[in-house]
Amino acid sequence: MGPDVPLLNDYKQEFFLKRFPQTVLGGPRFKLGYCAPPYIYVNQIILFLTPWVLGGVGTLLYQLDIMKDYYTAALSGGLMLVTALILQMTNLYARQKTVTVERMQIQNTLRDEDEYEFSSCVGSETVKFIIPGKKYIVNAVFHSFLAGVMCGLGTWYLLPNRITLLYSNIGGTVVIFVFGWVTICIGEYSLIINTATETATFQALDTYEITALMRPFYIFVFIAVDLAHRLLVMFLISAGTAIASYFIPSTVGVVLFMTGFGFILSLNLSEIGLAFKHTMISHLASNKSKSSGPRIHSVWREFFFYLTVLTLALIEASLLHHFAGFSAFSKASPQAIVSYILIILLIVMWILREIQRVYLFGIFRNPFYPKDVRTVTVFMETQRRLMKVGVVRRILLTLVSPFAMIAFLSLDSSLQSLHSVSICIGFTRTFRMVWQNTENALLEMVIVSIVQMLLFNTDVWWNRSLDTGIRLLLAGVIRDRLLQLISKLHFAAAVLLTSWTEKKQRRKSTATLITLNIVFFPIVLAFIAVSALLSSPMLPLFTLPIFLIGFPRPIRSWPGPVGATACVCSDTMYYQQVVPSLAAALQSALASGSLGLSLPGSHYLCRFQDRLMWILVLEKGFTYCCVNIKGLELQETSCHTAEAHRVDEVFEMAFEHQEHAETFSLNHHFGNILTPCTALPVRLYSDARNVLSGIIDSHENLKQLKDDFLKVLVWILVQYCYKKSKMCEKLDKTTKNKEESFPLTQPKAFDSAVENLRPIKDEDSFSVDTIADWTDDSDLFDLDPSRTRERKETERLEAAPRTLLSVPGSVEMESAAGALQETAPEDKLYKAVVLGLPAVDKGKKQEVVSLPLVEFSCSYSELLSIPEEWRTAPIPTSKLNEMRQRFPEDWYHFVLSQLNFFHLKEKPSNLLEDITKDKALKELYVHGVLSCCFGLFGLDNTVPAPSHVFRAYTGGIPWCVGLDWLTGKPELFQLALKAFRYTFKLMVDKASLGPVENFKELINYLEEYESDWYIGLVSDIEWQQAVLQEKPYLFSLGHDPNMGVYTSRVLTLQELLVQVGKLNDEAVRGQWANLSWELLYATNDDEERYSIQAHPVLLRNLTVQAADPPLGYPVYSSASLHVPLL
């Protein structure tokens, strides 16, 4: 999309022009988009001016000295309350009177929803249009009461005599009186008539009608200043004085109270309580697992650590406050000496923090940072020195600095004077900041100490009127607002400059907007300063250099629980797998300071291959941090790709292009909102995709594929039967135990267990048995298979006793008719008239395989016997004899020789030799393997084409008679499909790594596939499960229709380096504020809108993705993750 893509499309522009005047005026709809009767506008004007009229009555009575000011306010408020209730009752009556009529032949649904048909000036449709009413009766009463209070206070506040006494200017009185009443009319209309859509929208739905209270709240804040000064402040002063003087009369008690509660409130109490709850439950449970032991020790270790720190802090504070002498602050006073220590600590900790980041001040390349970050081992070896630096900094931050600051506060002379509200507020906040945010608290104390050292001999306001607690409070506010101002200026400069320097962002209006920003630079700077002062986001309208003051928002910017919503898709599982390991890596990075100064509201971006992880710091306290991790989409859209490519450039310049760079190279992407911090070792999947040209289309490889398939299938079938024999052995032990306890119920238990071990059959599918069950009286379209099921259940029950009486080394004998029925089902299939089956010449007998009676030479061969129904493929005898030569007999003997029957207590010493020599068992495997080969490849002995291999791998095998038989055995089909996928992976490995030398190496390959690999399709549910279970390797085959090539995808689980960068917090907040305004207020949901286009400096598209749904669309969002920093 070009840079001149419309900011709003034509339909949205018309909608916005109707909504914006309504927002400005508080609710009246004077621009409807269609012709309406004049009385619609007249009625709205009358209702809009009604509060002014009611307030004017009281104002007139006061000006004529008929009533006092407070009686005037009560009269106007009472009249407004009655009027509001009447209006709400009128709307309720109109809604009850209206009869719903179904309208037919609606041509334009959107226009019909927006239009009303008015019948009269006071008709029900008119009333409902002008006064929509409230959803709940409670709100109707409550809002009416608030309307009366606001009208009364407004009348009292805007009395002309009071305004004249305040400003002593008639002109100013008139202006304030007129605009004041216009403001009150706007608030009243929004409260009781029709609530306007606010630009400060936090969520799409206003369930509880809170939006109507926003404007009245702002009005109350301004008109109740006198009441707040007289009542609220006096109450707080009285309450604070009472608590400080009565409940805690001793200064030592005050210090202990502030120190103790400051420490306790800085902990994550909810997480500690939850940990103790689980600890006590696992401790009291009788069947406590061994794995819970380390967690219990960790909880108790943290508890004793916190208890020790709290005890030492209380002892230090009380002893210093009680025994140390208090004197005025001077260069040699004890508090000044502690101040010197604090200054040294701040400088040392700042150096130790910056030295661990890849860039110093975000500009110069750190010469101590490792230059080679392409491999984990080399990177970790060179970073060991920085890790030691991080440990030293962690000790200084966690243990040394808090106790030094407590000493500074305990020695302050302000605590010796009579307690006041300012002392309580200032010191309570400071004692908590010591633990809650140690770095900022240390900076504030150093600033206050330096100022005090410079001004301790000067009689200035700073020393005379302010105690140390309030000084620290002011220093904290100034520090926070100054950092916000710097971030906002960086963001504004980036928006302004890139609107011209980035060609794709250069619009026709860019030159005009830049000129206006230069001309009105003082006003723009004032807007930025006010937004920083209010701690509200700076909103760039449509992300253009048009800067507005956004509404104050919480740090997260979005309401609702953390991680509750995300656009879950097939890519979500990759982020679910990496989040635990990433959180563990963040633990050391946040504790050591390699991520810079992390505060609540800090944003980080992590990059690895095609994955982008967005980290938001939610909360931070003493030795803990709570974060939210989001995963962005992996689809390569044009905007996503452009910004992801710039992210890769930023990280590559910082981490990978430094081997031959200068010692102090510059950050060439300093203007970007992303600043690289460090690289973290994280256990995650690397994604390798390769083109299989020259492998899958090689004639030699495809020819060898069929032979290897037979070998792999033999191994899989033997392993299947071997594992099944282990299950039977365990079952025998279980039934013996049950027989000792419950001898009467043993046969039923054993029978049900044996029945469960049988292969699953789809009884409702079309099969040969259903053909035999048809009679002349059967209904072809009868969907009720009850009779068939009853007959099958009867046969199953009759067969159960024979299963129990089977003797090892033999197969049950049946009647000749029964044997023919079971062993030659294909005769019945060819007798039935089924469309698509091959024709048979008349008088010619079809050659099919008949199942002979099997007698094993070794009684233990039955443990490896494959199910009988897996040997019934409709293969002609001549073809079977021809295919028999392809059976890998030597491989079959080798596979059997590798088995060990450790689960058998009593077994002969030559067991494996006897089983290997059993020809009957070999014949079973010959029939089973060749039947599967017939189902997958057919009877032709041709080399399969690459397309056939791909379709077979994906399960979409071309149809043949053998395939119908194979798919009718779901368990066998899955084993054959698994064998084919293993064979294909073996073909790729042999082409890449070289041929297999011997059978032992082939066994190693297959065992590795079985234990460490998942070989299948990306779309399989098992693929997702393998990723979440952290299977070491995953392999998939794909096809690129655009390039016409076959591709492979290999996921490898290993510890790799994830690059992390810090984002400009204010840039993210500003873009999210614009996103909320644009989507929820302007309803600009165009997928190709300007504000969502790629911006390589602001990372606009990625920032939009990271917002919470429904505005953003992250594919994964974690719950609040507790990251311990101890």
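With this note's numbering as the guide, the letters of the sequence shown map in order to residues 67 to 1192.
Note that beta-carbon positions come from the ideal geometry of N, C-alpha and C, so glycine has one too.
Here the structure is a predicted model, which means the values were calculated and not measured.
Cα-Cα separation between A1018 and L750, rounded to whole angstroms: As a working note, residue 1018 is residue 952 in the sequence shown. As a working note, residue 750 is residue 684 in the sequence shown. Their Cα atoms are separated by approximately 30 Å.
Whole-Å CB distance - L408 paired with V512, under 8 Å assumed: Working through the sequence shown from its first residue, we reach residue 408 at position 342. Working through the sequence shown from its first residue, we reach residue 512 at position 446. 5 Å between Cβ atoms; contact.
Straight-line gap, L946 to Y786 (C-alpha atoms, nearest Å): As a working note, residue 946 is residue 880 in the sequence shown. As a working note, residue 786 is residue 720 in the sequence shown. Just so you know, the alpha carbons of L946 and Y786 end up roughly 24 Å apart.
At least three beta-carbon pairs within less than 8 Å, the segment 632-647 to the segment 1092-1108: Enough Cβ pairs lie closer than 8 Å, so yes.
Three or more C-beta pairs below 8 Å linking the segment 754-769 and the segment 998-1011: With the cut-off at 8 Å, the segment 754-769 and the segment 998-1011 touch.
Under the three-state DSSP convention, the category E955 falls into: For the purposes of this step, residue 955 is identified with residue 889 of the sequence shown, where counting begins at 1. The answer is helix: DSSP assigns E955 an H, G or I state.
CA nearest to the CA of D980, picked from A632, C998 and H959: For this step, residue 980 is matched to residue 914 along the sequence shown. Ranked by Cα distance from D980, the options A632, C998 and H959 are led by H959.
Whole alpha helix (DSSP H) elements within the segment 477-565, 4-residue minimum: Here the runs fully enclosed are 487-502, 504-521 and 527-530.
Local conformation of Q1125 per DSSP, three classes: For this step, residue 1125 is matched to residue 1059 along the sequence shown. Of the three classes helix, strand and coil, the one that applies to Q1125 here is strand, per DSSP.
Sequence-distant residues of the same chain with beta carbon closer than 8 Å to V514, five excluded per side: Numbered from 1 along the sequence shown, position 448 holds the residue referred to as residue 514. Hits under 8 Å: T534, R537, L538 and A541.
Classification of L746 by the beta-carbon crowding that lies within 10 angstroms, buried from 16 upward: Residue 746 sits at position 680 when you count from the first residue of the sequence shown. With 16 or more other Cβ atoms from the protein chains shown falling within 10 Å of its own Cβ, L746 counts as buried.
Cα-Cα separation between L120 and I111, rounded to whole angstroms: Position 54 of the sequence shown, counting from 1, holds the residue named residue 120. Position 45 of the sequence shown, counting from 1, holds the residue named residue 111. So the two alpha carbons sit approximately 15 Å from each other.
Whole-Å CB distance - P603 paired with R622, under 8 Å assumed: Translated into the one-based positions of the sequence shown, residue 603 becomes position 537. Translated into the one-based positions of the sequence shown, residue 622 becomes position 556. With a Cβ gap of about 12 Å, P603 and R622 do not count as contacting.
Where F184 sits in the DSSP three-state scheme: For the purposes of this step, residue 184 is taken as the residue at position 118 of the sequence shown. Three-state DSSP puts F184 in coil, outside helix and strand.
Alpha-carbon to alpha-carbon, A655 and Y233: Start at 1 with the first residue of the sequence shown, and residue 233 comes out as number 167. Start at 1 with the first residue of the sequence shown, and residue 655 comes out as number 589. Within the model, the alpha-carbon separation for Y233 versus A655 is close to 58 Å.
Simplified DSSP state of N756, which is helix, strand or coil: Reading the sequence shown from its first residue, position 690 is the one you call residue 756. Collapsing the DSSP output to three states places N756 in a strand.
Which of helix, strand or coil DSSP assigns to S927: Position 861 of the sequence shown, counting from 1, holds the residue named residue 927. Helix at S927.
Proximal residues to N738 (C-beta, below 7 Å), its chain only, five neighbours per side dropped: As a position in the sequence shown, residue 738 is number 672, starting the count at 1. Result list for N738: V716 and V1163, in chain order.
DSSP-derived helix/strand/coil call for H669: For this step, residue 669 is matched to residue 603 along the sequence shown. Note: H669 maps to strand in three-state DSSP.
Pairwise C-alpha distance: P1098 and L996: On the sequence shown, position 930 is the one that residue 996 refers to. On the sequence shown, position 1032 is the one that residue 1098 refers to. Distance between the alpha carbons of L996 and P1098 is about 33 Å.
Sufficient close CB pairs (3 or more, under 8 Å) joining the segment 1131-1138 to the segment 544-560: Taking 8 Å as the limit for Cβ pairs, the verdict is that the segment 544-560 does touch the segment 1131-1138.
Buried or exposed by the 16-neighbour rule on C-beta atoms within 10 Å, applied to F55: Outside the modelled stretch of the chain, which goes from 67 to 1192, sits residue 55, for which no answer is possible.
Inter-residue spacing [alpha-carbon to alpha-carbon] between S357 and V784: One-based indexing of the sequence shown puts residue 357 at position 291. One-based indexing of the sequence shown puts residue 784 at position 718. Model confidence at S357 stands at a pLDDT of 45, short of 50, so the residue's coordinates are unreliable and nothing is read from them.
CA nearest to the CA of S531, picked from F1101, S1085, L1165 and I489: Residue 531 sits at position 465 when you count from the first residue of the sequence shown. The residue with the shortest Cα to Cα distance from S531 is I489.
Sub-7 Å separation of T1169 and V757 beta-carbons: The sequence position of residue 1169 within the sequence shown is 1103, counting from 1. The sequence position of residue 757 within the sequence shown is 691, counting from 1. Cβ distance not < 7 Å, so T1169 and V757 don't count as in contact.
Contacts around L322, its chain only, beta-carbon distance under 8 Å, and the 5 residues preceding and following it disregarded: If you number the sequence shown from 1, residue 322 lands on position 256. Residues L380, A383 and S384 of the same chain have their beta carbon placed closer than 8 Å to that of L322, with the five preceding and five following residues left out of the count.
G1195 versus L91 - alpha carbon distance: Residue 1195 cannot be examined here, being either before or after the span of the chain that is shown, 67 to 1192.
Sequence-distant residues of its chain with Cβ nearer than 8 Å to M300 (five each side left out): Position 234 of the sequence shown holds residue 300. Here the model assigns M300 a pLDDT of 47, short of 50, so the residue's position is not dependable, and the following value carries that caveat. Around M300, the same chain offers no residue with a beta carbon nearer than 8 Å, after the five sequence neighbours per side are excluded.
Residue from F493, C705, I413 and G626 with nearest C-alpha to S1157: What you label residue 1157 is simply residue 1091 of the sequence shown in a count that begins at 1. Nearest of F493, C705, I413 and G626 to S1157, Cα basis: C705.
Segment contact, 8 Å Cβ cut-off, at least three pairs: the segment 565-584 with the segment 1100-1120: No, because fewer than three Cβ pairs between the segment 565-584 and the segment 1100-1120 fall closer than 8 Å, the two stretches do not touch.
Inter-stretch contact (C-beta, 8 Å, three-pair minimum) for the segment 496-512 and the segment 671-688: Contact holds: three or more Cβ-Cβ distances are below 8 Å.
Cut-off 7 Å between Cβ atoms - residues of its own chain near L386, not counting five sequence neighbours on either side: The sequence position of residue 386 within the sequence shown is 320, counting from 1. Cβ neighbours of L386 beyond the five flanking positions: A473, S476 and L477.
For G629 and T1194, the rounded distance between their alpha carbons: With the chain running from 67 to 1192 in the structure shown, residue 1194 is simply not present.
Residue burial classification, V455 (beta-carbon count within 10 angstroms, cutoff 16): For the purposes of this step, residue 455 is taken as residue 389 along the sequence shown, with counting starting at 1. Per the 10 Å Cβ criterion, buried.
Top-ranked residue by Cα proximity to G339, from W527, A206, G328 and F369: Start at 1 with the first residue of the sequence shown, and residue 339 comes out as number 273. Taking G339 as reference, the option from W527, A206, G328 and F369 with the minimal CA-CA separation is F369.
Coil, strand or helix - E1153 by DSSP: Position 1087 of the sequence shown, counted from the start, is the residue given in the question as residue 1153. E1153 falls in the coil class under three-state DSSP.
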